[in-house]
Amino acid sequence: MPVVSMTTAASSSDKTPSFEMTWGSSTSSGYCSDSDSDSEFEQYFTARTSFFPKIRKDTVSPAVKQDEQIELSKQELTVVDIQQKVKEYNAQINSNLFMNMNKDGSYTGFIKVQFKLARPVSVPTPKKGGNDTGGRRASGVKRRTSFYLPKDASKHLHISSRTSAREVIEALLKKFTVVDNPAKFALFERSERHDQVYIRKLSDTERPLRLRLCAGPNEKVLSFVLKENETGEVNWHAFSMPELKNFLRILQREEEEHIKQIVQRYALARTKMQEALTGSTPG
71 MPVVSMTTAA
81 SSSDKTPSFE
91 MTWGSSTSSG
101 YCSDSDSDSE
111 FEQYFTARTS
121 FFPKIRKDTV
131 SPAVKQDEQI
141 ELSKQELTVV
151 DIQQKVKEYN
161 AQINSNLFMN
171 MNKDGSYTGF
181 IKVQFKLARP
191 VSVPTPKKGG
201 NDTGGRRASG
211 VKRRTSFYLP
221 KDASKHLHIS
231 SRTSAREVIE
241 ALLKKFTVVD
251 NPAKFALFER
261 SERHDQVYIR
271 KLSDTERPLR
281 LRLCAGPNEK
291 VLSFVLKENE
301 TGEVNWHAFS
311 MPELKNFLRI
321 LQREEEEHIK
331 QIVQRYALAR
341 TKMQEALTGS
351 TPG
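The numbering used here applies: residue 71 is where the sequence shown begins, and numbers increase by one.
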């Protein structure tokens with residue numbers, strides 16, 4: 071099982087530690103497309119065939135009390151309040167993921183984002199030398215590889231209190247060199263209360279570090295999750311032409327397999343009925 075390791079370099083100061091995310095993955099090449107397109111050449115390595123989202127058990131019904139969930143983000147904090155909360159926050163953690171106050175009243179700190187993506191992400195294909203095969207580089211054709219991120223992978227980000235949820239998403243994609251449109255993704259806050267899990271989608275302008283400060287360091291009280299930006303309908307315009315063509319090929323394979331299973335089931339039923347008719351006695 072190959073192990074991939076990525077290190078995040080902290081951006082605030084020289085004293086800021088770096089963080090490493092390591093996971094084990096055995097991504098299978100369930101489907102591979104090597105066909106060319108007018109604009110891009112892509113290879114898809116998928117661990118499963120269907121790219122449509124499935125209902126998850128940890129998804130919360132619309133009856134969630136959102137007023138309680140966004141109450142923290144509406145609190146008006148003075149500089150004195152922020153200083154006190156930062157002090158209390160730092161006193162509760164057992165690591166070096168401290169928050170720090172700035173002279174202008176803002177503050178910096180770390181948030182941990184967990185990945186729960188149902189569809190593959192695309193990254194640039196690594197270069198294999200000065201001359202690409204078939205003269206693709208000369209023709210300006212891009213190469214991309216799409217794969218599924220390991221389940222429950224997570225990443226620490228060092229951000230400011232002024233960093234928005236949209237900027238967090240863009241930073242995460244940059245860390246993983248993901249070239250997909252950031253509009254495909256959304257940042258969610260997750261909390262556990264009374265043995266129930268509550269999920270809320272953050273707006274693009276919300277400040278995740280502010281939510282982290284107000285909630286404290288306890289991950290059960292508040293954690294962040296990156297998921298697909300589901301709007302009820304799949305936004306096909308957000309996908310590139312090679313991605314759409316690949317999805318159509320996947321759908322065709324699934325359709326052919328489904329038809330094959332139906333034909334086999336009816337053929338088996340027909341055979342059993344013919345055997346029953348042959349063995350029956352007239353009259």
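Think of the CB as a built atom: it goes at the ideal place given N, C-alpha and C, for glycine as much as any other residue.
Contacting residues, own chain, Cβ-Cβ under 7 Å from residue i (five flanking each side not counted)
i: Val-248; result: Val-191, Ser-192 and Val-193
i: Asn-251; result: Ala-308
i: Lys-271; result: Ala-256 and Phe-258
i: Lys-254; result: Glu-298, Asn-299 and Ala-308
i: Ile-163; result: Pro-287
Own chain residues within Cβ distance below 6 Å of residue i, not counting five before or after
i: Phe-180; result: Leu-167, His-226 and His-228
i: His-328; result: none
i: Lys-127; result: Per-residue confidence for Lys-127 stands at a pLDDT of 49, beneath the threshold of 50, marking its modelled position as unreliable; the derived number appears in the next sentence. If we look at Lys-127 and ignore the five residues flanking it on each side, it has no Cβ neighbours.
Residues bridged to residue i [DSSP beta-bridge criterion]
i: Gln-184; result: Ser-224 and Val-295
i: Gly-179; result: Ile-229
i: Gln-266; result: Arg-263
i: Ala-256; result: Lys-297
i: Pro-194; result: Arg-214
i: Asn-170; result: Thr-178
Residue i versus residue j - alpha carbon distance
i: Leu-257; j: Thr-178; result: 19 Å
i: Thr-348; j: Gln-331; result: 26 Å
i: Lys-173; j: Lys-182; result: 25 Å
i: Ser-176; j: Asn-299; result: 29 Å
i: Leu-219; j: Ser-310; result: 19 Å
i: Ala-223; j: Ala-241; result: 16 Å
i: Ser-165; j: Glu-326; result: 53 Å
i: Arg-263; j: Phe-185; result: 21 Å
i: Ala-188; j: Val-150; result: 42 Å
i: Arg-213; j: Pro-196; result: 9 Å
i: Ile-239; j: Gln-153; result: 27 Å
i: Tyr-268; j: Pro-278; result: 16 Å
i: Arg-340; j: Trp-306; result: 42 Å
Beta-carbon proximity list for residue i, same chain, < 8 Å, skipping 5 on both sides
i: Glu-289; result: Lys-182
i: Asp-274; result: Ser-234, Ala-235 and Arg-236
For the 8 Å Cβ check, are there 3 or more pairs between the segment 281-291 and the segment 313-329?
No: fewer than three Cβ pairs fall under 8 Å.
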